Amino acid sequence: MPRPTRQRILITGASSGLGMGMARRFAARGRDLALAARREHLLEELRDELLAAHPGIRVVTAALDVDDATAVAEGVPALAAELGGVDRFVANAGIGKGASVGTGAGWANRATLFTNVLGTHAQCEAAVELFRAQGSGHLVVVSSVASVRGMRGTRTAYGASKAALNALAEGIRSDLLGTGIRVTTVLPGYIETDINVGRRGPFTVDLDTGVDALVAAIEREPVRAYVPEWPWRPVSALLRVLPLPVVRRLT
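Quick note: the sequence shown uses the working numbering, first residue 515, plus one each step.
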């Protein structure tokens, strides 16, 4: 069945990388946008760029630190109200700090776990509360193919945080079955973004290619999507069954 057009879209982590790329693609499709991130000046520059390129849309922005659950609980409905409502919420904000466990950089791993897990949880709480009130909506949780198996080195905490998001999104999806609220988990592979510096590997794609695949997947509103679908769907299936020494060499 055809999906409804999600005209009003809120994207977190929109000041760079995938978030900024998604904002540009959705703006080109004529969607109205609410953009949130910590770096407000970059959001304002992006807003001005989008409005100049697509004068028929609306774009509102707000500084938001997802580590602050109270700020998220208050800021998301305020931003949604400024836009006139939200039909789709893309929980994209996250970080990629990390180090091998036990090497003296536990602070970096804790920061990643805190932001990616608790920060995304705060976003989901705020988004789903809005959607429950209106009886419809589309929640998109941005995970990673790094969540499929335990990762080594700088990716250990990052992969663990994204695995937690898979379970979080599935639990929310289960809770909302039969309602007008849809939940999609997207698992990007290696895409050339700042968060992936030092983590790029085989099959890395440029940012434009990755964003195009990501937006196309989100528009389909599947339960789960690998981005790009090829090769990451078969690669992810393979990773699940390979012995750990082989996974270690591949990742």
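C-beta atoms are modelled at their ideal positions from N, C-alpha and C, and glycine is treated no differently. Since the structure is predicted, the reported quantities are computational estimates derived from the model, not experimental observations.
Straight-line Cα distance separating Ile686 from Gly694 = Answer to the nearest angstrom: the Cα atoms are 13 Å apart.
request  = Return the residue from the list Arg543, Tyr704 and Ala550 that minimises the CA-CA distance to Val604.
outcome  = Comparing alpha carbon positions, the residue from Arg543, Tyr704 and Ala550 closest to Val604 is Ala550.
Range covered by the beta strand (DSSP E) that runs through His652 = Secondary structure note for His652: its beta strand (DSSP E) is the uninterrupted segment Gly651 to Val656.
request  = Taking 9 Å as the cut-off, decide whether the C-beta atoms of Ala548 and Thr519 are in contact.
outcome  = Against a cut-off of 9 Å, the Cβ pair of Thr519 and Ala548 comes out as no contact.
ask   = In the DSSP assignment, what residue or residues form a beta bridge with Pro702?
value = Under DSSP, the beta-bridge partners assigned to Pro702 are Val741.
message = So, for Ala537: in the same chain, excluding its five sequence neighbours on each side, which residues have a beta-carbon less than 7 Å away from its beta-carbon?
response = Here the set comprises Ile525, Ala528, Leu547, Leu549, Leu560 and Leu564.
query = Cβ atoms of Gly612 and Thr698: under 9 Å apart, would you say?
reply = No, Cβ-Cβ distance for Thr698 and Gly612 is not below 9 Å.
query = How close, in whole Å, do the beta carbons of Leu701 and Arg738 come, if the pair is a contact with beta carbons under 8 Å?
reply = The C-beta distance from Leu701 to Arg738 rounds to 7 Å, short enough to meet the 8 Å contact threshold.
key: Same chain only: Cβ atoms within 6 Å of Thr634, ignoring 5 sequence neighbours per side   = The answer, listed in chain order, is Ala605 and Leu679.
query = Which residues mark the beginning and the end of the beta strand (DSSP E) in which Thr547 is found?
reply = The question names Thr, but residue 547 in the sequence shown is Leu. Leu547 -> beta strand (DSSP E) spans Asp546 to Ala551.
query = Where do the ends of the beta strand (DSSP E) carrying Val573 lie?
reply = Unbroken beta strand (DSSP E) run through Val573: Val573 to Ala577.
inquiry  = Helix, strand or coil for Ala594? Go by DSSP, reduced to three states.
reply    = Residue state, collapsed to three classes: helix.
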